[in-house]
Amino acid sequence: MSAYNVILGRPDLNALRAVVSTYYLKVKFPTSCGIRKIRGDQALAKHYYSIALQKGGHPDPCQVDGLDVCDDLTEERGEPMEDLMVVLQNDGNIEHTVQIGFNLGEEVWKQLIAFLWKNADIFAWVPTDMPGIDAEIIKHRLAVDPKYRSIKEKIRGHALER
79 MSAYNVILGR PDLNALRAVV STYYLKVKFP TSCGIRKIRG DQALAKHYYS IALQKGGHPD
139 PCQVDGLDVC DDLTEERGEP MEDLMVVLQN DGNIEHTVQI GFNLGEEVWK QLIAFLWKNA
199 DIFAWVPTDM PGIDAEIIKH RLAVDPKYRS IKEKIRGHAL ER
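Its first residue numbered 79, the sequence shown is counted upward by one per residue in my numbering.
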């Protein structure tokens, strides 16, 4: 008797080319529609596990009929914590812009703009600037849940002596 709906071993995960993260309760796997994700629900898993312990058998499985892994799912994206300023690159193209925060301080801000202008030739503005790289690798989304407040971690010293 088990509280699990399915148990996948390494051979199955390798055959599916799946990546499992127990920390994030997430499984990622490739499909014909692109990379898809399955997210776990810890509260629901605990609920079914407790039912399985009480009954001594399998709980009623969740119904997943009609699940289409190719549904166009949109993830919520976090918003910037501060106002951003648009900086034009010095290559003459008005479409080549970078956004930087206002709260950097004037000296850091000037150094950052100088760095961006100096290295403008290595920016990839369109996918054709990066031939041979899969679009799934190029995409970037910061997975931040907007309902949680941000936390600034304390600075850790790396001194040899303590």
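The beta-carbon is built from N, C-alpha and C at its ideal position, and this holds for glycine as well. The structure displayed is predicted, hence computed values, not measured ones.
Its chain contains 228 as the residues whose beta carbon lies nearer than 7 Å to that of residue 159, once the 5 sequence neighbours on both sides are disregarded; these appear in chain order. Straight through space, the alpha carbons of residue 128 and residue 89 are spaced by roughly 29 Å.
A direct Cα-to-Cα measurement between residue 217 and residue 131 gives close to 43 Å. Secondary structure note for residue 86: it is in no beta strand (DSSP E), with a DSSP letter that is neither H nor E. In this structure, the beta-carbon distance from residue 107 to residue 94 falls below 7 Å. The continuous stretches of alpha helix (DSSP H) do not include residue 165, which lies in the beta strand (DSSP E) extending over residues 162 to 166. Where residue 107 is concerned, the enclosing beta strand (DSSP E) starts and stops at 104 to 109. Residue 168 places its beta carbon 7 Å or farther from that of residue 203.
Between the beta-carbon of residue 113 and that of residue 105 there is about 11 Å, and that puts the pair past the 8 Å contact cut. Measuring C-alpha to C-alpha distances from residue 176 to each of 156, 198, 157, 234 identifies 198 as the nearest. Contact between residue 224 and residue 156 holds: their C-beta atoms lie close to 5 Å from each other, under 8 Å.
Within its own chain, the residues whose Cβ lies closer than 6 Å to the Cβ of residue 222, once the five positions on either side in sequence are excluded, are 156, listed in chain order.
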